[in-house]
Amino acid sequence: MSVPCRYAARGCARSIRSGNPFQASKSFLQATTPAIQRRHETTAAANPKISGIVDQISQLTLLETADLVTSLKSRLNIPDLPVGGFAAGPAAAAPAAAEEADEPAPAAQEKTLFSVKLQAFDAGAKAKIIKEVKSLLGLSLVDSKKFVESAPKLMKDSVPKDEAEKIVATMKELGATVVME
């Protein structure tokens with residue numbers, strides 16, 4: 228058990244026995260205060276100039292401390308950076324997205340990747356369509372049934388043109404309405 232914990236435990240036991248909680252907290256503070264003072268004295272003894280600055284800063288109010296921080300940033304040329312490291316990634320990506328929006332999209336560029344969407348299906352061919360969806364998407368039979376019944380639904384995304392055309396042809400043969408987008 229560490230020293231402060233041991234003193235706290237003793238102080239709690241004394242306060243329970245005596246019925247005076249102030250006496251226990253006073254003894255706890257007397258036991259731990261010398262250790263805290265020793266830590267501060269070692270840093271103060273190292274450099275008196277810095278200890279004087281620390282004493283002055285510790286007496287400032289919150290508004291005065293904020294003014295101190297802004298004046299130090301301006302004098303030392305320290306830029307304002309976001310506090311969290313995770314915020315830097317999306318912030319850096321935002322200007323790149325803005326640049327892409329400024330450029331006009333080339334109209335002559337042919338689309339190579341398509342999305343295949345199941346629009347509707349024949350009620351009589353439902354079982355065949357479920358089996359085909361199961362084999363195409365690798366779903367279980369129950370998931371395939373739920374997928375087909377929740378049409379219209381996106382089957383596959385970013386599919387090459389020739390593969391998308393094959394999927395559309397096989398699904399139309401079975402009685403489903405499928406669209407390439």
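Residue numbers for the sequence shown follow our numbering, so the first one is 228 and each next one is one higher.
Virtual Cβ for every residue (Gly too), placed ideally from N, Cα, C.
Computed from a predicted model, the values in this text were never measured in an experiment.
Just reading off the alpha helix (DSSP H) that Q286 is part of, what are its end residues? Here Q286 belongs to no alpha helix (DSSP H), and DSSP marks it neither H nor E.
Quick one: using the 10 Å Cβ neighbour count with 16 as the cut-off for buried, is P284 buried or exposed? In the sequence as displayed, the identity of residue 284 is Ile instead of Pro. Exposed is the call here.
For I394, is the classification buried or exposed, using 16 other Cβ atoms within 10 angstroms of its Cβ as the cut-off for buried? Buried: at least 16 other Cβ atoms inside 10 Å.
Quick one: measure Cβ to Cβ for V386 and L345, integer angstroms, because I've assumed they're closer than 8 Å. In this structure V386 does not touch L345 by the C-beta definition: roughly 13 Å separates them, more than the 8 Å allowed.
What is the rounded straight-line gap between the Cα of K358 and the Cα of T339? 28 Å
First and last residue of the alpha helix (DSSP H) that includes D389? K388 to L401
Tell me whether T404 sits in a helix, a strand or coil according to DSSP, three-state version. The three-state secondary structure of T404, taken from DSSP, is strand.
Give every residue of the same chain whose Cβ lies closer than 6 Å to the Cβ of M398, excluding the five residues on either side of it in the sequence, and list them in chain order. V405
At what residues does the beta strand (DSSP E) containing L366 begin and finish? Unbroken run through L366: none, as it is neither H nor E.
According to the neighbour-count rule (16 or more other Cβ atoms, all chains shown, within 10 Å of its Cβ), is A347 buried or exposed? exposed
Going straight from the alpha carbon of K355 to that of L401, what length do you get? 7 Å
Collapsed DSSP secondary structure at A354 in the structure displayed: helix
Going by beta-carbon coordinates alone, are A403 and A350 separated by less than 9 Å? It is not a contact, given that the beta carbons lie outside the stated cut-off.
Through-space distance from E408 to D384, alpha-carbon basis: 9 Å
Beta-carbon contacts of I305 that lie in its chain and below 8 Å, excluding the five residues immediately before and after: L299, listed in sequence order.
Boundaries (first-last residue) of the beta strand (DSSP E) holding A378: No beta strand (DSSP E) holds A378; DSSP gives it neither H nor E.
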